[in-house]
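Asker: Residue numbers (full-length UniProt numbering), protein chains in the order written: chain A, 1 to 417; chain B, 1 to 185; chain C, 1 to 994; chain D, 1 to 97.
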Ligand SMILES: Cc1cc2nc3c(=O)[nH]c(=O)nc-3n(C[C@H](O)[C@H](O)[C@H](O)COP(=O)(O)OP(=O)(O)OC[C@H]3O[C@@H](n4cnc5c(N)ncnc54)[C@H](O)[C@@H]3O)c2cc1C
Ligand SMILES: NC(=O)c1ccc[n+]([C@@H]2O[C@H](COP(=O)([O-])OP(=O)(O)OC[C@H]3O[C@@H](n4cnc5c(N)ncnc54)[C@H](O)[C@@H]3O)[C@@H](O)[C@H]2O)c1
Ligand SMILES: Cc1cc2nc3c(=O)[nH]c(=O)nc-3n(C[C@H](O)[C@H](O)[C@H](O)COP(=O)(O)O)c2cc1C
Ligand SMILES: [Zn+2]
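1) Taking just the CA atoms, how far does residue 397 of chain C sit from residue 355 of chain C?
2) Of the residues that make up the stretch 569-603 of chain C, which ones have a beta carbon closer than 8 Å to any beta carbon in chain G?
3) To the nearest angstrom, how far is it from the Cα of residue 141 of chain A to the Cα of residue 969 of chain C?
4) Is residue 207 of chain A a contact residue of ligand 1, with contact defined as CB to any heavy atom under 7 Å?
5) Consult DSSP for residue 3 of chain B and reduce its assignment to one of helix, strand or coil.
6) Are the Cβ atoms of residue 116 of chain C and residue 55 of chain C separated by less than 8 Å?
7) Distance, Cα to Cα, residue 35 of chain B vs residue 608 of chain C?
8) Report the residue from C/470, C/852, C/891 whose alpha carbon sits nearest the alpha carbon of residue 37 of chain D.
9) Once DSSP output is grouped into helix, strand and coil, what is the label at residue 430 of chain C?
10) Measuring from the CB of residue 314 of chain A, is there a heavy atom of ligand 1 at a distance below 7 Å?
11) Do the stretch 384-395 of chain C and the stretch 478-497 of chain C make contact, defined as three or more Cβ pairs closer than 8 Å?
12) Going by CA-CA distance only, name the one from A/33, A/11, A/58 that's closest to residue 195 of chain A.
13) Could you tell me if the beta carbon of residue 279 of chain C falls within a distance shorter than 7 Å of some heavy atom in ligand 2?
14) Who are the Cβ neighbours of residue 296 of chain A in its own chain at under 7 Å, not counting the five residues just before and after it?
15) Starting from residue 81 of chain A, trace the alpha helix (DSSP H) in both directions and tell me its first and last residue.
16) Would you decide whether residue 174 of chain B is buried or exposed? Buried here means 16 or more other CB atoms lie within 10 Å of its CB.
17) Taking Cβ positions only, does residue 53 of chain C come closer than 8 Å to chain D?
18) CB-CB under 8 Å to residue 775 of chain C, same chain, minus the five flanking residues each way: which ones, in chain order?
19) Return the bridge partner residues of residue 627 of chain C from the DSSP annotation.
20) Measure the C-alpha to C-alpha separation of residue 361 of chain A and residue 941 of chain C and round it to an integer number of angstroms.
21) Could you name each continuous beta strand (DSSP E) segment of 3 residues or more that falls completely within the UniProt domain "SoxA A3" (512-593) of chain C, going from the start of the chain to the end?
22) Relative to the C-alpha of residue 51 of chain C, which residue among C/43, C/491, C/711, C/111 is closest?
23) Report the residue ranges of all beta strand (DSSP E) runs contained in full by the stretch 105-191 of chain C; include only those spanning at least 3 residues, in chain order.
24) Can a CB atom of chain C be found closer than 8 Å to the CB of residue 75 of chain D?
25) Tell me, please, which residues DSSP counts as bridged to residue 159 of chain B.
26) Does the count of Cβ pairs from the stretch 23-41 of chain B and the stretch 101-119 of chain B closer than 8 Å reach three?
27) Just checking my contact of residue 156 of chain A with residue 274 of chain A at CB under 8 Å: how many whole Å lie between their CB atoms?
28) Determine the burial state of residue 328 of chain A: buried for a count of at least 16 other Cβ atoms within 10 Å of its Cβ, exposed for fewer.
29) Counting only beta-carbon separations shorter than 8 Å, does residue 91 of chain D have a partner in chain A?
30) Can you list the beta strand (DSSP E) stretches of 3 or more residues lying completely in the stretch 375-458 of chain C, in chain order?
31) Does any heavy atom of ligand 2 sit closer than 7 Å to the C-beta of residue 361 of chain C?
32) Could you check the C-alpha separation between residue 169 of chain A and residue 244 of chain C for me, to the nearest Å?
What follows is the structure, encoded as structure tokens:
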């Protein structure tokens, strides 16, 4: 792997950049791999990377039906934080956040992880109570998260309106300073390059169309649009398409796939220093390095695989954004799009074994899995390598939907009275 | 008796709101009316009720708007409330139904004028053209972020918007805003 | 300097209406009908801004909404400043202030231009390869610098002074684009009497006809035909014509979103007029006649101000009466540029035309042009330009069999280039129609439709005017269900071109900076670098180089980028494919999307019939769901703490009055009402007597608590159900769902009566005495009207439903009266209670009083993961009922496991210390992090009645911990608490019957 | 925004409706007769197909009726809508996209 650095960039500049090679190869699939990963999103690529780097397993293929990073990895609003309530969630997201903190260096690829802080606004007493519950739980879990008064929120995010006259005045907020954003595409590419350099085959335009099982029911390989591939173990990391892929092995999942929309504004000079989330009015906003305001909308109400949704979802989100940032009504929406997110009943992921031997799944990240990418890949690699979950992903079983041991962060934050 | 001395006065929402009369659309609040929500499965043969969903039976003083297969919004002048109730009880006496007084739940606002439909369309996503929403139509729908029942009692460009009382300030404000925008070409 | 480049005659501008505006502070004169771009050009100004990355001087490239370069900040007065406006679409108007962007300190001297010197380093994706060391520099140094350099214009700083409107509309046929194709479509559709809407983004309808000065249609001038067509349409009732209206999004089921610009172009707009109106059209059929975009040519330094699209040069001359230059060179591989050259020549300009194609491919147009005195160089490529702030010359060279001959500089002050045309298939593609590649056109054209839609004219790849008209008419007729066919006669349009990627050059291609995406500074070289690095998918190329991601979304550049990628990969263009077309077609203001949903109309504020009284009496309010509820009633000089303490004591010692109108209410009616209740609630209902009430608890099917509330039985077949304030809609939905879909056989109907009734809670030992003289028809004695009973009677002459219930643990009544009487009855109760010191109290006191009694609040003690047993309410579950919603789930392994969190009371060692709600609880505060958390504080207050703080908490195995010491987090550390029963006041419960 | 053909009111805009997820999931007549695994599946497991999907909708801001629809989850096109208690005319077991 050619190392990236300012020096290498300079020396290439002299030669008109003719010397750069491929960041990852474009191999044809081999007939057989120790591990086949279905899905070349951030999670799948990270899994491959850690299989190679942590577990020394390099006879690995990542099969991607389109182009790597083209799923939700390439269409998310890039919010990264770890201030979750439950120990299980805090465990995995903090595991990820620690990895994010050194990721550019580890991958030798600048993923532009920007710890600009994520501020979650409280608009009513229920928010206030719920956020404090998070702040305290986080403290005992060693995760930074602090309560800010409305004035402190304004100091941290000057465009914010803390006027008491708005519909839902800001009462305060929970701030995680170590949280932030990253350059989503670079995450996919950086992991791909790192995995490829260690021998992993990244195979694009290769859709898995079947999972074959032997007489005992064990998964032994995959049918793809580029032929049959034998596999020692199979990891399904197909995000919005998990139900379809798992159905190929006759496993039915507690998942539904919804369109989730996002949009960007035209680029402007820096105006927005952090990430702001407001669950009460349903708005998420940050500004990218290129200058666009990146705004997350909600899911459409129906399941769909169409990567697009209705206009009313967008307008609803912008209503909320302009309520707390009234000066933005003259900004313009430049592009809007949708991704397909797989949502579990408790909105927490499923990472681990399935009823089919040698078939493993990592799914259900719903609207919030980008932030987990490094951690998810890391523990899923462990699971694939050893056949058993890492302690961090042990609670995220499929079985919890039988026992009722749900990890329901959203319910815990239930809007109420 | 304190009771007699305190005989309660009725204070309807929006009473203080003056009519807003604009060139192409005007907004008026309407006085309190008797209103009932009628639910019934079988109304065959009952002339005032047995009509298609989305249509209204109208007399000079009363109306029965069919909002769904088993749901009607009934209205009458305040003083006729009891009569209306008795009428329904008589007409449906042997059948299963539910009649609930909602006179105080609902508030009515009227919007009229050549741009009335256009103003409603600022928040109501329905086709309000002559063909799609003729005289005698009534339906539950949305006005912006509030649920309303929209009725068109006559051929004139006059629409009645009914909403729950706590949404009245919003609906009224919305209609005024919409009327002034629609009036601008 | 007064419009020295304005032609003495011609154009569509209104010379009788001069206007003045400023550009970077300098006064610019123009005429009504000008765009900012045409007025700048009339004044000889090409330089309008600096590019995104390299800060290169940039000018006006196009004449329309596809403009990537001429982006300006526009100031229309206070609260009306916004960035990134395309000079080519902003209509010039009196008093407007335009300013260039992305430059400092000035447009002509821009410090950022050093980036251009560093451009050998700043190639596509360079930032992924560097800025990683030292690590801490990213946040503090690199990123801030990168951000400050990027971003074009400056975001508005103050709230918007403008309003925005919204309109839903329906039609049978929506025609998008009113060029010849769209007008013909509209004519055909309108004739049928169907409802037709015609939208065009330009100020005038007509599309390309607005600049066709020599063409005739059906024997009349194009302009005469256009005017007649519009007059005919305008005269019809069934037609809505919408100029200045951009269709920007084509959504599911023929839902098309459009923005109409209502006032931006008017200096005299009334204050109340909306700036923009969002049209949400549901169309039966759609005709897309959106025309085509011209392609630039890709050659070295093709981005100099003065280098424009050929057709745009023609438009400025013919439509605006402006000469973009006095010596203009056209560089082309397309015939259409010949028409431009001819028109420009006719305007008296010195013109040269350079055609990449060899003479034999160029046809008769060459001679025609030469005959007009234009020098035509066929078989020539362009290898560069001269000039920096403005083009001064075009460097061309002959190409023969791929060999580049001697360079020649043609001096000029404007270049018109054309690499052919690209149909505007954006909306078609958004509608999910499949694109088909047309080899002859070297472009994607609409293939199979996915919705009720058809394309026409240039948008469909038809470039001859006659074809445009005919296809438009046919599309309009078909869309309206008519079979009418009409042919048109028109001057033949010269069409045809030779597809070309980067122009052949004699320079080292690794050094040439030939721009593909002008706004994002993406060069052909960048695209090739991306492919060398393995970014082969067009989607990867886009994201790695950012080509097509700028505010113009690649309207002029995407096909060139695609061509270069296809050529470098040696793969046919259709197999490379396009990137995805997404809304909006052109950027749309947030304001238009938000429409009236601002300020008071953002979300309804629900208030009760007693709200105004509370406001008049100094209440502080809190938001609860959409409601605004009285929170507490401070007296002068009181803070919240003092007010709440006073209110709490008043209730226990005398009487308090509370507005509970927001509680959800549902009338459950029918012979099967009790059975229905049995199936929905954990409690049994069959035996509840008429006139009696019961506290009900409702679960979701997963076994967790959904809602609670008191239910009264008014008759055998009639229940008056109450719900929590926030839960009201949720509970009604839940009930309707089961009723309609699971148990349709039950004869039950549900009606929401939340707002029919105002609810006045009168609580405290003096409650009975307070109301007794107001009530008639109800015997209030304990025997006749015990706790948990309901009676119908009158209060203040008004019919009421009187509940003897208590959420405070003291004697209490809830008076339900029809809402319009709520305030009057409230005032009467206030008066009647005056002798007992009746005190209005708000939600905060309500919370404290019920916490003193250990009553839960759904959403506070429960959170969607809590079972009845967890909160000590397992006893309510009817043992005998075989089933109710949620019952089966309560038997799941984790719901019966030990170690679940249970509701307990907590007492701080220091009675003055009030715990934080949400605080976490541990057994040992000295354990290492991560600590084992046992639970959290759900409610916590200072209780004036208990003379100390009280708290409720959910604690792992909590009921067994009574008397044990635990530790609770505080903002600075931990504090010590003792676990106890969750009832702090009147544990025996005697007061309720007092 | 979808346009949904309410079996009672005709075509109306999506914002008047709420989607209730997969249709035809019968609540076991005796929930205690099914084991935890089956009950968990009843509660949580969904077909989630890419293609034809039977789903529940309620015309919440209209006639207030629940009904069912067959919709293609890839194209978002409705094939049909029908009243609660009725069966669709298309055979979903055949449908695979
Ligand atoms: C609009 C939007 C905003 C979001 N915002 C945030 C946010 O702010 N913060 C956050 O943390 N998360 C966010 N998320 C969620 C986040 O994007 C996802 O959870 C995360 O990216 C999932 O990563 P992944 O690698 O699992 O999935 P993906 O990136 O979707 O990768 C799955 C891959 O599997 C491939 N695949 C599927 N089926 C097959 C098959 N049969 N054969 C081969 N390959 C197949 C797909 O093509 C795809 O590339 C957002 C999501 C969306 C859509
Ligand atoms: N000589 C050539 O090679 C060549 C090539 C292309 C076009 N042409 C000529 O151009 C004309 C094409 O006629 P036409 O009617 O197809 O197109 P047109 O360009 O005349 O009209 C299209 C209209 O659609 C409008 N529009 C585009 N997108 C829109 C949107 N999203 N919302 C609202 N309005 C939108 C444009 O403003 C324009 O007015 C013909 O005269 C044809 O000869 C010639
Ligand atoms: C964080 C983020 C920032 C983006 N910024 C831009 C942008 O500046 N310009 C742009 O055209 N698209 C931008 N996009 C959107 C992409 O162009 C694209 O729409 C998205 O990746 C989904 O892919 P698709 O539209 O090709 O389906 C951005 C996307 C994300 C996730
Ligand atoms: Zn309906």
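We put the CB at the ideal spot given by N, CA and C, even for glycine.
Answerer: From the atom records:
1) C-alpha separation (whole angstroms): 11 Å.
2) The structure shown contains no chain G; its protein chains are A, B, C and D.
3) Roughly 13 Å between the two C-alpha positions.
4) For ligand 1, at least one heavy atom lies less than 7 Å from the Cβ of residue 207 of chain A.
5) For residue 3 of chain B, the predicted model reports a pLDDT of 48, less than 50, meaning its position is unreliable; a value from the coordinates is still stated below. In the displayed model, residue 3 of chain B falls within a helix according to three-state DSSP.
6) In contact: residue 116 of chain C and residue 55 of chain C (Cβ atoms closer than 8 Å).
7) When rounded, the distance between both Cα atoms is 19 Å.
8) Cα-wise, what sits closest to residue 37 of chain D is C/891.
9) In this structure, DSSP gives residue 430 of chain C a helical state, which the three-state scheme calls helix.
10) It does not: the Cβ of residue 314 of chain A is nowhere closer than 7 Å to a heavy atom of ligand 1.
11) The stretch 384-395 of chain C is not in contact with the stretch 478-497 of chain C.
12) Distances from the CA of residue 195 of chain A to each of A/33, A/11, A/58 were compared; the closest alpha carbon is that of A/58.
13) Not so, every heavy atom of ligand 2 lies at least 7 Å from the Cβ.
14) These residues qualify, in order along the chain: 77, 262, 284.
15) First-last for residue 81 of chain A: undefined, no H or E at that position.
16) It is buried - the Cβ of residue 174 of chain B has at least 16 other Cβ atoms within 10 Å.
17) Not an interface residue.
18) Closer than 8 Å at the Cβ level, and outside the excluded window around residue 775 of chain C, lie 793, 794, 795, 800, 802.
19) Residue 627 of chain C pairs with C/606, C/624.
20) Roughly 46 Å separates the two Cα atoms.
21) Listed in chain order, the complete beta strand (DSSP E) runs (minimum 3 residues) inside the UniProt domain "SoxA A3" (512-593) of chain C are 515-517.
22) Residue 51 of chain C has its Cα closest to that of C/111, out of C/43, C/491, C/711, C/111.
23) Listed in chain order, the complete beta strand (DSSP E) runs (minimum 3 residues) inside the stretch 105-191 of chain C are 164-176.
24) Taking Cβ atoms only, chain C reaches closer than 8 Å to residue 75 of chain D, which makes this a yes.
25) Looking at the DSSP assignment, residue 159 of chain B forms a beta bridge with B/111.
26) Touching, per the Cβ criterion.
27) Right, the Cβ-Cβ distance comes to about 6 Å (below 8 Å), so this counts as a contact.
28) Classification of residue 328 of chain A: buried, given that the 10 Å Cβ count is 16 or more.
29) No, no contact with chain A.
30) Runs found: 375-377, 380-386, 393-400, 408-411, 414-418, 421-423, 435-438, 443-446, 453-455.
31) No - ligand 2 has no heavy atom lying nearer than 7 Å to the Cβ of residue 361 of chain C.
32) Straight-line Cα distance between these residues: approximately 37 Å.
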